[in-house]
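Q: Provided herewith is a single structure, encoded as structure tokens, for subsequent inquiry.
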Amino acid sequence: MSVRHINPEGLRRNPAFSQAVVVEQPAKTIYIGGQNGVGADGKVVGPTVAEQASQALRNLATILESEGASLANIVHWSIAVVDGHPLQEGFAAFQQAWNPADPPPAITVHVVAGLGPGFLVEIDAVAVV
Amino acid sequence: MSVRHINPEGLRRNPAFSQAVVVEQPAKTIYIGGQNGVGADGKVVGPTVAEQASQALRNLATILESEGASLANIVHWSIAVVDGHPLQEGFAAFQQAWNPADPPPAITVHVVAGLGPGFLVEIDAVAVV
Amino acid sequence: MSVRHINPEGLRRNPAFSQAVVVEQPAKTIYIGGQNGVGADGKVVGPTVAEQASQALRNLATILESEGASLANIVHWSIAVVDGHPLQEGFAAFQQAWNPADPPPAITVHVVAGLGPGFLVEIDAVAVV
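Chains as they are written, first to last, in the working numbering: chain E, 1 to 129; chain Z, 1 to 129; chain G, 1 to 129.
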């Protein structure tokens, strides 16, 4: 199995994401459902994108650790932030959670009209081990 | 090939979804495009999320059955509902279509500003056989 | 490896997309992050969906070509267009970029409240080689 993060010539480079990630078989693929700012008690952790994004990233890490993996194994993630709330707080949470030595995943970012009740941010991911 | 639905310690459990699904190779992967409440005649089946979600789920089942699979093979799905329409009707349609004995897929839910003309709900999915 | 584009009986057919795409192992999978109407200089190419969608498709092609692949290798893509902007311009850009002899990918289309600053359209994709 090999995983390569690519940033081909002709596209801008950005330290926050890779343009694409190439996975060669065989690999174990982990499909992670949209994670929100919800703790183990099922309650929303707070009313800001910053708090919720940090918790969603912790949830992603918890799931990955249960499979012997880490955030570094994510090949693509989709981040949705509710309209009117600051995207930057989500990026700041990412920068705190992410080891800058690891090549970042491919990313999709949508500003949505809403999410489940009380949620301001949702992050789903595909990881490969 | 193995497919494992995981709900690691430290995350809330919810019977409606798994936190993640782990797929080990080799596997056949089915990428299903966003299904809407549209029948074989290409017409929208009705003006409610309930009707449209039920039809979208029937379409997913039809696609999967054509590959010898079923809804139970879905590992991740993304549900989009148009702003102002009840998410709960989509969940109710899911509960009717889903066999509760099967471990549920990982899920992403977005409330969007819109979809194609006349559509209130769209469900795409990745399934593994 | 085999890739089959399917349009099962019981679902409408549309030349713009396949209902699903079936991938059998082993395969090389390319996860492409959301592409926007941004050139190599990092600037948004123009204020219309038409211009931005064409550039996003060029970016997808550039990424795929760097792996010896092409748009024809995309198995699923998700297109997000900002509310109030014409979806049709995105489809027109697709029709110009796409070789009609190739079976089209599965597709998801969302109208979103917003995207990153200045972006009107975002296209992510999974490709298989």
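Backbone N, C-alpha and C fix where the C-beta goes; we use that ideal spot for every residue, glycine too. Note that the structure is a prediction, hence the values are computed from the model and not measured.
(1) Assign E89 (chain E) to buried or exposed, taking buried as 16 or more other Cβ atoms, counted over all protein chains shown, within 10 Å of its Cβ.
(2) Under three-state DSSP, which class holds S78 (chain G)?
(3) Are the CB atoms of I32 (chain E) and A125 (chain E) nearer to each other than 9 Å?
(4) Answer yes or no: does any C-beta atom of chain G fall closer than 9 Å to that of H110 (chain Z)?
(5) Using the beta-carbon of each residue, which ones in chain G are nearer than 9 Å to L115 (chain Z)?
(6) Just the C-alpha distance for A40 (chain G) and N7 (chain Z), rounded to the nearest angstrom, thanks.
(7) What do you get for E122 (chain Z), buried or exposed, if any count of 16 or more other CB atoms within 10 angstroms of its CB means buried?
(8) Hey, which unbroken runs of the beta strand (DSSP E) at 3 residues or more fall wholly within the region 30 to 104 of chain Z?
(9) Should A106 (chain Z) be labelled buried (16 or more other beta-carbon atoms within 10 Å of its own) or exposed?
(10) Counting only the same chain and skipping the five closest in sequence on each side, list residues whose C-beta sits under 6 Å from that of K43 (chain Z).
(11) Would A113 (chain G) pass as a contact of A113 (chain E) if the rule is Cβ separation under 9 Å?
(12) Based on the DSSP secondary-structure assignment, which residues constitute the bridge partners of R4 (chain E)?
(13) What do you get for P104 (chain G), buried or exposed, if any count of 16 or more other CB atoms within 10 angstroms of its CB means buried?
(14) Which residues of chain Z have a Cβ atom closer than 7 Å to the Cβ of A80 (chain E), listed in chain order?
(15) Considering E122 (chain Z), what are the terminal residues of the beta strand (DSSP E) in which it resides?
(16) May I have the straight-line CA-CA distance separating P15 (chain G) from Q95 (chain G), to the nearest angstrom?
(17) Which residues in the same chain as V49 (chain Z) place their Cβ atom closer than 7 Å to its Cβ, once the five residues preceding and following it in sequence are excluded?
(18) Could you say which of E:V3, E:V21, E:I30 lies nearest to I63 (chain E) if we only look at CA atoms?
(19) Along the region 67 to 95 of chain Z, what residues have a CB closer than 7 Å to any CB found in chain E?
(20) Considering only C-alpha positions, which residue in the set G:E51, G:N99, G:L11 is nearest to A72 (chain G)?
(21) I need the boundaries of the beta strand (DSSP E) containing A106 (chain G), first residue and last residue.
(22) Mind listing the chain E neighbours of A127 (chain Z)? Cutoff is C-beta to C-beta under 9 Å, in chain order.
(23) Give the straight-line distance between the Cα atoms of E51 (chain G) and L115 (chain G), rounded to the nearest whole angstrom.
(24) On the CB-based measure, 16 or more other CB atoms within 10 Å of its CB, does S2 (chain Z) come out buried or exposed?
(25) Among the residues of its own chain, which have a CB less than 6 Å from the CB of H76 (chain Z), if the five just before and after it don't count?
(26) Would you decide whether R153 (chain Z) is buried or exposed? Buried here means 16 or more other CB atoms lie within 10 Å of its CB.
(27) Taking only beta-carbon atoms, is R58 (chain E) less than 9 Å away from chain G?
(28) Can you give me, in chain order, the residues of the region 20 to 41 of chain G that have a beta carbon less than 9 Å from any beta carbon in chain Z?
(29) What's the C-alpha gap between S78 (chain G) and V45 (chain E)?
(30) Measure the C-alpha to C-alpha separation of H110 (chain E) and G34 (chain G) and round it to an integer number of angstroms.
(31) I need the straight-line Cα distance from E65 (chain Z) to P117 (chain Z), nearest angstrom please.
(32) Using a cut-off of 7 Å between C-beta atoms, extract the partners of I6 (chain Z) located in chain G.
(33) Would you verify that the beta carbon of F119 (chain Z) is, or is not, closer than 9 Å to some beta carbon of chain E?
(34) According to the neighbour-count rule (16 or more other Cβ atoms, all chains shown, within 10 Å of its Cβ), is G68 (chain Z) buried or exposed?
(35) Could you tell me whether any Cβ in chain G is nearer than 9 Å to the Cβ of E122 (chain Z)?
(36) Since S54 (chain Z) meets chain E, which of its residues come closer than 8 Å, beta carbon to beta carbon?
A: Quick answer:
(1) Position 89 of the first sequence, counted from the first residue, corresponds to residue 89 (chain E). Buried, by the Cβ-count rule.
(2) Position 78 of the third sequence, counted from the first residue, corresponds to residue 78 (chain G). S78 (chain G) falls in the strand class under three-state DSSP.
(3) Within the first sequence, numbered from 1, the residue matching residue 32 (chain E) stands at position 32. Within the first sequence, numbered from 1, the residue matching residue 125 (chain E) stands at position 125. For I32 (chain E) and A125 (chain E), yes; Cβs fall inside 9 Å.
(4) Position 110 of the second sequence holds residue 110 (chain Z). At least one chain G Cβ lies under 9 Å of H110 (chain Z).
(5) Along the second sequence, read from residue 1 onward, the residue named residue 115 (chain Z) stands at position 115. Chain-order list of chain G residues neighbouring L115 (chain Z): V109, H110, V111, by C-beta distance under 9 Å.
(6) Locating residue 40 (chain G) in the third sequence gives position 40, counting from the first residue. Locating residue 7 (chain Z) in the second sequence gives position 7, counting from the first residue. The straight-line gap from Cα to Cα measures roughly 42 Å.
(7) Within the second sequence, numbered from 1, the residue matching residue 122 (chain Z) stands at position 122. By the 10 Å Cβ count, E122 (chain Z) comes out buried.
(8) 74 to 82
(9) Locating residue 106 (chain Z) in the second sequence gives position 106, counting from the first residue. So A106 (chain Z) counts as buried.
(10) As a position in the second sequence, residue 43 (chain Z) is number 43, starting the count at 1. Closer than 6 Å at the Cβ level, and outside the excluded window around K43 (chain Z), lies no residue.
(11) Indexing the third sequence from 1 puts residue 113 (chain G) at position 113. Indexing the first sequence from 1 puts residue 113 (chain E) at position 113. Cβ atoms of A113 (chain G) and A113 (chain E): closer than 9 Å.
(12) Counted from its first residue, the first sequence places residue 4 (chain E) at position 4. For R4 (chain E), which the question treats as bridged, DSSP gives the partners E:V22.
(13) Translated into the one-based positions of the third sequence, residue 104 (chain G) becomes position 104. Per the 10 Å Cβ criterion, buried.
(14) Residue 80 (chain E) sits at position 80 when you count from the first residue of the first sequence. Chain Z residues near A80 (chain E): H110.
(15) Numbered from its first residue, the second sequence carries residue 122 (chain Z) at position 122. Residues 121 to 128.
(16) Sequence index remark: in the third sequence, residue 15 (chain G) carries index 15 (1-based). Sequence index remark: in the third sequence, residue 95 (chain G) carries index 95 (1-based). When rounded, the distance between both Cα atoms is 10 Å.
(17) Taking the second sequence and counting its residues from 1, one reaches residue 49 (chain Z) at position 49. Excluding the 5 residues flanking it on each side, V49 (chain Z) has same chain C-beta neighbours closer than 7 Å at V81, H85, P86, E89, G90, L120, V121, in chain order.
(18) Working through the first sequence from its first residue, we reach residue 63 (chain E) at position 63. The candidate whose alpha carbon is nearest that of I63 (chain E) is E:I30.
(19) V75, H76, D83
(20) The count along the third sequence starts at 1 and reaches residue 72 (chain G) at position 72. Of the listed residues, the one whose Cα sits closest to A72 (chain G) is G:N99.
(21) As a position in the third sequence, residue 106 (chain G) is number 106, starting the count at 1. Taken as a continuous stretch (DSSP letters only), the beta strand (DSSP E) holding A106 (chain G) covers 106 to 112.
(22) For the purposes of this step, residue 127 (chain Z) is taken as the residue at position 127 of the second sequence. What A127 (chain Z) touches in chain E: nothing, since even the nearest Cβ is about 10 Å away.
(23) The residue given as residue 51 (chain G) occupies position 51 in the third sequence. The residue given as residue 115 (chain G) occupies position 115 in the third sequence. E51 (chain G) and L115 (chain G): Cα-Cα distance of roughly 16 Å.
(24) Working through the second sequence from its first residue, we reach residue 2 (chain Z) at position 2. Flag for S2 (chain Z) reads exposed.
(25) Taking the second sequence and counting its residues from 1, one reaches residue 76 (chain Z) at position 76. P105, A106, V126.
(26) As displayed, chain Z neither begins before 1 nor continues past 129, which places residue 153 (chain Z) out of reach and without an answer.
(27) Counting from one through the first sequence, the residue named residue 58 (chain E) turns up at place 58. Chain G, which has no Cβ nearer than 9 Å to the Cβ of R58 (chain E), makes this no.
(28) A20, V21, V22, V23, E24, Q25, P26, A27, T29
(29) For this step, residue 78 (chain G) is matched to residue 78 along the third sequence. For this step, residue 45 (chain E) is matched to residue 45 along the first sequence. Their backbone Cα atoms lie some 30 Å apart in a straight line.
(30) Here the question's residue 110 (chain E) lines up with position 110 in the first sequence. Here the question's residue 34 (chain G) lines up with position 34 in the third sequence. The alpha-carbon atoms of H110 (chain E) and G34 (chain G) are separated by roughly 9 Å.
(31) Translated into the one-based positions of the second sequence, residue 65 (chain Z) becomes position 65. Translated into the one-based positions of the second sequence, residue 117 (chain Z) becomes position 117. For E65 (chain Z) and P117 (chain Z), the distance between alpha carbons rounds to 27 Å.
(32) Along the second sequence, read from residue 1 onward, the residue named residue 6 (chain Z) stands at position 6. By Cβ distance, chain G contributes nothing, its closest Cβ being about 21 Å from I6 (chain Z), past 7 Å.
(33) Residue 119 (chain Z) sits at position 119 when you count from the first residue of the second sequence. For F119 (chain Z), the answer is no, since every Cβ of chain E falls outside 9 Å of its Cβ.
(34) Counting from one through the second sequence, the residue named residue 68 (chain Z) turns up at place 68. With fewer than 16 Cβ atoms within 10 Å of its Cβ, G68 (chain Z) is classed as exposed.
(35) Numbered from 1 along the second sequence, position 122 holds the residue referred to as residue 122 (chain Z). Among the residues facing chain G, E122 (chain Z) is included, as its CB has a counterpart in that chain under 9 Å away.
(36) Counting from one through the second sequence, the residue named residue 54 (chain Z) turns up at place 54. Within 8 Å Cβ-Cβ: nothing; S54 (chain Z) doesn't reach chain E, min ~21 Å.
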